[in-house]
Amino acid sequence: MSSVDRVGGDQLLIENLNFSYGNLTIFNNLNIVVEPGEFVSIIGPSGCGKTTLLNLLSGFLKPIAGKVLLRGKALVPEDPHFGYVFQHATLFPWLSTVENVEFGMKMEGKLSASEQRKKSKHYLAMVGLKGFEDYLPMKLSGGMQQRVSLARALVMEPRLLLMDEPFGALDAITREQMNDELLVLWDKLGQTVVFITHDIDEAVYLSDRVLLLNRPPQGIFKDQKIELPRPRSSKETRTSDLFWEYKKELMTDILEVSKSEVIA
Ligand SMILES: Nc1ncnc2c1ncn2[C@@H]1O[C@H](COP(=O)(O)OP(=O)(O)OP(=O)(O)O)[C@@H](O)[C@H]1O
Ligand SMILES: [Mg+2]
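Note that the sequence shown covers residues 1 to 264 in full-length UniProt numbering.
As structure tokens, then:
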């Protein structure tokens with residue numbers, strides 16, 4: 001593939017979703033639509049069900065009632081319909097960078113070894129790691145390891161990318177840099193993204209829409225469209241009045257949600 005080939009994204013439909021862990025109800029009739037290629041962030045207090053929701057979207061967890069539909073179809077567990085980037089890079093320490101990236105393709109067995117290698121190198125170059133193909137993960141910084149995780153997810157060319165606080169463990173400067181790199185990649189590839197974060201700045205900066213989850217099982221407290229112009233840049237976007245307005249509003253909402261927890 002050339003570096004500009006678009007993967008595209010699928011529509012994600014969450015319909016009347018119910019989910020509980022035993023007696024603890026997390027979602028009660030949750031409804032969300034994420035449009036093809038849309039970048040949606042999910043924020044909310046710790047324990048509100050963000051990771052649970054991603055696990056329902058990936059098919060790791062099964063809903064008690066309701067549906068998760070991708071392009072109008074129910075999830076098929078054996079179909080690798082998504083790429084997943086975790087908070088901490090979960091790389092195999094004994095495999096080199098390029099071997100980590102090609103692992104999924106190896107398991108899938110669709111491409112020849114040389115095609116797998118070529119594609120892995122291509123995606124490593126896309127995340128800025130050209131020249132680091134043979135490094136073991138322990139020789140890479142935290143940010144570089146997270147880039148490998150991103151390349152490993154992207155190389156499978158999923159039309160849905162699920163990210164659970166992927167940059168949460170990084171320092172502020174690296175995090176901002178990774179935000180910019182992610183936006184450039186997403187602009188090129190066009191996947192549907194569901195991104196979880198604790199960081200309001202990150203959510204506003206990246207997203208087309210920010211969903212604020214309330215305490216379980218209350219569902220969505222706020223569905224905020226982010227109409228900041230794209231392409232975004234740290235220098236202009238993060239200092240704009242509109243950015244600050246969104247940030248202030250979401251901060252107020254989060255305080256409201258947290259307050260309801262104390263009173264409850
Ligand atoms: N496997 C499990 N069994 C039972 N309860 C669970 C399980 N996993 C999570 N929970 C509970 O479900 C609720 C939601 O958990 P979840 O991990 O989805 O929250 P979260 O929003 O991702 O939190 P955080 O921001 O801290 O990562 C919490 O009360 C948690 O204790
Ligand atoms: Mg979580």
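Quick reminder that beta carbons are idealized off the backbone N, C-alpha and C, glycines included. Predicted model only: the values in this text are computed from it and were never measured.
N-terminal and C-terminal residue of the alpha helix (DSSP H) that residue i is part of
| i | result |
| --- | --- |
| E176 | A172 to L189 |
| G104 | T97 to E108 |
| K139 | Careful: K139 lies outside any alpha helix (DSSP H) and carries neither H nor E. |
| L161 | First-last for L161: L160 to D164, but that is the beta strand (DSSP E), not the alpha helix (DSSP H). |
| K235 | S234 to T237 |
| K119 | A113 to M126 |
| residue 269 | Past the boundaries of the shown model lies residue 269; the chain is included only from 1 to 264, so the question cannot be answered. |
Beta-carbon proximity list for residue i, same chain, < 6 Å, skipping 5 on both sides
| i | result |
| --- | --- |
| M163 | V85 and F195 |
| P137 | L91, P93 and Q145 |
| L17 | F27, L30, P63 and G66 |
| M1 | Its pLDDT being 46, under 50, M1 is placed unreliably in this model, and the value from its coordinates should be taken loosely. Cβ within range, chain order: n/a, list empty. |
| R175 | F167 |
Bounding residues of the beta strand (DSSP E) (the contiguous stretch that carries residue i)
| i | result |
| --- | --- |
| D66 | Contrary to the premise, residue 66 reads as Gly rather than Asp in this sequence. That run of the beta strand (DSSP E) goes A65 to L70. |
| N28 | L24 to V34 |
| L13 | L12 to Y21 |
| F195 | T192 to I196 |
| L56 | That residue, L56, is in no beta strand (DSSP E); its alpha helix (DSSP H) goes K50 to S58. |
Contact under 8 Å by Cβ, residue i with residue j
| i | j | result |
| --- | --- | --- |
| P63 | T192 | no |
| G83 | A153 | yes |
| A169 | Q87 | yes |
| K121 | V98 | yes |
| D10 | L160 | yes |
| G190 | V155 | no |
| D208 | E38 | yes |
| I42 | L211 | yes |
| L124 | E115 | no |
Beta-carbon proximity list for residue i, same chain, < 8 Å, skipping 5 on both sides
| i | result |
| --- | --- |
| P179 | The sequence as given places Asn at residue 179; Pro does not occur at that position. So the qualifying residues of the chain are F167, E202, Y205, L206 and S234. |
Close-in-space but distant-in-sequence residues of the same chain around residue i (CB under 7 Å, 5 per side omitted)
| i | result |
| --- | --- |
| H81 | L70, L75, P158 and L160 |
**Item:** Residues passing the C-beta test against ligand 1 heavy atoms, cut-off 5 Å
**Value:** Y21, S46, G47, C48, G49, K50, T51 and T52
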